[in-house]
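A short write-up of the structure that comes next.
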């Protein structure tokens, strides 16, 4: 795990830096109307979530999903070669069923998760906006 972090950390930092620079360039190229009407707090929250998502994907795909896929394939091949092809087929069908059920349940849960994220985004956005405009909030509160 330590070797993975030592080798992979520079790659993740480079990807994160490039992504953030492209995002900053994109935001700075927007019109004045966008900057006046944008909700800074919500925008900062979206940027933070995006950066975290990129990091998670960079860890998830090469170090969790790919090895799991290779393990399942290897186990299916070993069971097919050593014992009987039926055992390999049963093992692969079981894993496929597990992946299918997990995918369906995750899609179902995502609807609830998205509504929670949107509500959280609004709350955090208002908190940041109130801190940025504390004089106005102080006058009218």
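In the working numbering, the protein residues as written are 418 to 558. Cβ coordinates follow ideal geometry from the N, Cα and C atoms, glycine included.
### Query
With DSSP run on the structure shown, which of helix, strand or coil describes residue 442?
Under the three-state reduction of DSSP, residue 442 is assigned to helix.
#### Entry: Where residue 448 falls: helix, strand or coil (DSSP)
Three-state DSSP puts residue 448 in coil, outside helix and strand.
### Query
When the Cβ atoms of the stretch 530-539 are set against those of the stretch 438-451, are three or more pairs found closer than 8 Å?
Note that the stretch 530-539 does not touch the stretch 438-451; fewer than 3 beta-carbon pairs, one per stretch, sit closer than 8 Å.
### Query
Among 542, 543, 529 and 421, which has the Cα closest to the Cα of residue 477?
Checked all of 542, 543, 529 and 421; the closest Cα to residue 477 is 421.
### Task
Leaving aside the five residues before and after residue 489 along the sequence, list all residues of the same chain whose C-beta is less than 6 Å from its C-beta, in chain order.
Cβ neighbours of residue 489 within its own chain (closer than 6 Å, five residues either side excluded): 512.
#### Entry: Same chain, Cβ closer than 7 Å to residue 433, five either side skipped, listed in chain order
Taken in chain order, the residues that qualify are 468, 471 and 472.
#### Entry: Sequence-distant residues of the same chain with beta carbon closer than 7 Å to residue 541, five excluded per side
Cβ neighbours of residue 541 beyond the five flanking positions: 458 and 462.
### Unbroken alpha helix (DSSP H) run spanning residue 418, endpoints
Annotation: residue 418 is outside any alpha helix (DSSP H) and is labelled neither H nor E by DSSP.
### Query
Under a three-way DSSP split, which group does residue 437 fall into?
The DSSP-derived three-state label of residue 437 is helix.
### Message
Rounded to the nearest angstrom, what separates residue 497 and residue 487 at their Cα positions?
### Response
About 15 Å.
### Query
Smallest Cα separation from residue 428: which of 474, 464, 505 and 466?
Comparing Cα positions, the closest option is 474.
### Message
What residue range does the alpha helix (DSSP H) around residue 456 cover?
### Response
Where residue 456 is concerned, there is no enclosing alpha helix (DSSP H), because DSSP gives it neither an H nor an E.
### CB of residue 492 within 8 Å of CB of residue 508, strictly
In contact: residue 492 and residue 508 (Cβ atoms closer than 8 Å).
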